Structures are given as C-alpha cells and as structure tokens.
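Participant: Mind the numbering: the sequence shown is residues 0 to 341 in numbering that gives the first Met the number 0, read in order.
My questions all concern the structure below.
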Amino acid sequence: MTQQPEPLAAPPAPPAPVRTEHVPCPACGADAPRPYRSDMYRIGEVRFGLVRCPCGMVYVDPRPDDEALGQIYDDPSYYTDGYNLGVETENYFDRREELIAQYDRAVAEIEEETGIREGRFLELGSAGGFFLAAARGRGFEVAGIELSPPAIEYSRRELGLDVFAGYLEDAPYAPASFDLALADNVLEHTLCPARSLAHLRDLLRPGGHLVVIVPSYVNSFYFRAMLRLRALLPRRLLGRHLLRILKFDEGDAGYPYHILEFDRATLLRLVREAGFEVVSVQGSVPLPAHLFKRDDLSAGERFLRGVFRFLDAGMRRGLLPAARLRFLLRRPADSPPTGGAG
C-alpha cells in the first residue's frame, strides 16, 4: 500500500521578541508601495503583509529585523516546514539520496549549457550540501555559504564539505576565483538582492556562469487571480495541501522566509544592473509531492496532477507565465570588478 502523506506540520514555536523595520523597495529604492496581500505571514502573534512597488517588486513591509530573521532560520524545523513550503511532504534531510541524484542531473545540465566541466563551484545557500555533493561527484572543487546552523553542521559532518557559516559578503573567497555559482531559491531571502548579485559576479572569473532560481508565483498573474476569485475556487477539490501551497488563506504561509517576491521583469533588471549577461531564462512550476509521489490518487487528485503537468509544460516552453524562474547568467569576459568581493 502506498504511504499517505503526513499531515502538514504546524509552524514551530515563535522566537521572541519580534521586532520589525520599515524598508523601501529592495529592487529600485523607491518608497511608494501599495498594499498587495495583508497578513501573508506570521511569527507568533505578529503578522506580516506584502506590498508592491510601482517597479513591480513585491516584498514584505514592515519586515522582521535581522535578529528576528536569524532566529527563524536557527530552528531545525525549518527543514521540515519552511524549506519545502508545503510542496514536499518529507523532511529535507531524509531525501538525501533522491536529491543528490536529482542534483547530479542538474549539474550535468549546467555543464552542457556552459561547456564548463571542471573548476571551482560555489553555492550560495548550500543547505545540507546535497547539490555540492553532486557537483563534487562530477569532479568540481566545491564550496558553500550557509546561515542555518543545523544545515552547516550536517554538511560538514555527513558530507565533509567546505561550507562557510555566515553572509556572502563575509565569505573568505578571492575575487574571480570560481567558474560556476548557484543561488537556488536564495535571493528571495536576501535583504539586498542587488548587492548579493554584484558580489556573486565578482567572485566569478570573467566568462564564469551563475544559475539563479527563484519562486515567482506570489508575484504573478496566478496569485493575483487567486486573490480576486478566491470565493469561487473549489476548496474541497484543491485539498488542504494544495491550499497551503497556493497560500490561499491569510496567515497560513507560516514564517516570512520569503521577504522578496520577484517576477521576470524585476529579476531581469537586477541581474543586468549587476553586470551579468543573460544567457537563458526558463519558467516552470514546482510539482507538489502529494500529487506526484503517490499512486493512490483520487479522481480529483489525478485531475490536479494533469493540470500541473499542463502548466509546467506551458511554462517551460514560454507559453505561460512562470511560477518559478531559472536564469542562466554569464559574467562578461571583459568585465572589470565592481568591488563587491574581496
């Protein structure tokens, strides 16, 4: 019998105290946002809403201050609840072999796209180190940067990886010392994405490549349509897991891990301003585990799985707006450093 997905975990006990700060748009610096979604996230009794800048950027404002943000990542339950954001039904660390195999295919794809098959590989937000382990297995010299103490400890102890504990700007890496870099589902967590991108550019050798992957559903046509049509959508058909993935109900998205919500236009502007050439852009949609890792689906669940397959195919072909964006970027061969690294 196929195992049923575990019930969704409740958010962990909130850190205290929770202090907040007002911020201008992290993409353009303007300070004239409009309300976008109230009560999107919560830490204990403190609620956090999203606003939208005229430039198109969506972000949390006011947001938790640095100390409060650090506390929510210190909690080991992040890798059960926050890291997957409902898309997966298993703890991240329990998926080790599955993810290393998946990332081996991803590294092979990067090799094919860039022609780079050896050298130094950097991952920003390396989590438990599974992507780095896959890259190392294919012959790269790897290094990671991570903030979460449980993830750092795991990647060092279990995989023997070189992982710096701290912020990108403090990492002890020389300018122009990496051939490839990855920021997979990381920029939406950063306080200043422009600074992070500029720093990553300077860490790459001229001609080096960076892969950036960000979720874009919350800053998309789909999410805005869901907000307008919420009363008409069939809650029973969608089911509890999917309702949470879609962030259907206010305050049900848990902690404000994603303080930024990009769309294609805002991210495109930021990477170009950071000095990157855009090699390719591809859209997709995350495939919910409770629909794609089980065989005993109801008729309604089979219908929803078909909908996700249709959407994913359309997004990958560029026919539909993306719910997740993958940018392949290149540092121009003749580009001078910006001073972000070193």
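Even for Gly, the Cβ is constructed at its ideal location relative to N, Cα and C.
Model, not experiment: these values are computed from the prediction.
1. List the residues that DSSP assigns as beta-bridge partners of alanine 180.
2. Pull up the distance between the alpha-carbon of alanine 347 and that of proline 320, whole angstroms please.
3. How many angstroms separate the CA atom of arginine 116 from the CA atom of leucine 158?
4. When you compare the CB positions of phenylalanine 309 and leucine 290, do they come within less than 8 Å of one another, or not?
5. Could you tell me which residues DSSP pairs with leucine 259 in its beta bridges?
6. Taking 8 Å as the limit between beta carbons, can you name the residues of its chain near histidine 188, skipping five residues before and five after?
7. Less than 8 Å between the C-beta atoms of phenylalanine 261 and leucine 324, yes or no?
8. From which residue to which residue does the beta strand (DSSP E) around proline 287 run?
9. Tell me, which residues are paired with phenylalanine 163 by DSSP?
10. Name the residue from Asp311, Ala230, Leu179 and Ala29 whose alpha carbon lies nearest to the alpha carbon of glutamate 111.
11. Which of the three DSSP states is assigned to aspartate 248 in this structure?
12. Could you spell out where the beta strand (DSSP E) holding valine 278 opens and where it closes?
13. Return the first residue and the last residue of the alpha helix (DSSP H) that arginine 95 is part of.
14. Please determine, among Ala288, Asp295 and Tyr40, the residue with the shortest C-alpha to C-alpha distance to threonine 88.
15. Applying the 10 Å Cβ sphere with the 16-neighbour rule, what's the burial state of serine 37?
16. Could you check where the beta strand (DSSP E) with serine 195 kicks off and where it finishes?
17. Return the bridge partner residues of isoleucine 42 from the DSSP annotation.
18. Proline 61 to alanine 224, Cα distance in whole Å?
19. Between which two residues does the alpha helix (DSSP H) carrying phenylalanine 139 extend?
20. DSSP three-state label for glutamate 187, please.
21. Can you tell me whether arginine 329 is buried or exposed? The criterion is at least 16 other CB atoms within 10 Å of its CB, across all chains shown.
22. Smallest Cα separation from proline 23: which of Tyr40, Phe222 and Tyr58?
23. Consult DSSP for proline 149 and reduce its assignment to one of helix, strand or coil.
24. Per DSSP, what kind of secondary structure is threonine 265 in: helix, strand or coil?
25. Going straight from the alpha carbon of aspartate 64 to that of glutamine 70, what length do you get?
26. Taking just the CA atoms, how far does glycine 282 sit from phenylalanine 177?
Facilitator: This is what the structure gives:
1. Leu121 and Leu209
2. Lying outside 0 to 341, the shown extent of the chain, residue 347 is not represented and no answer is given.
3. 21 Å
4. no
5. Tyr58
6. Gly124, Tyr256, His257, Ile258 and Leu259
7. yes
8. Per DSSP, proline 287 belongs to no beta strand (DSSP E) and is neither H nor E.
9. Ile144
10. Leu179
11. coil
12. 276-283
13. 95-113
14. Ala288
15. exposed
16. Here serine 195 belongs to no beta strand (DSSP E); instead the alpha helix (DSSP H) covers 192-202.
17. Val45
18. 24 Å
19. It is not in any alpha helix (DSSP H) - phenylalanine 139 carries neither H nor E in the DSSP assignment.
20. helix
21. buried
22. Tyr58
23. helix
24. helix
25. 10 Å
26. 26 Å
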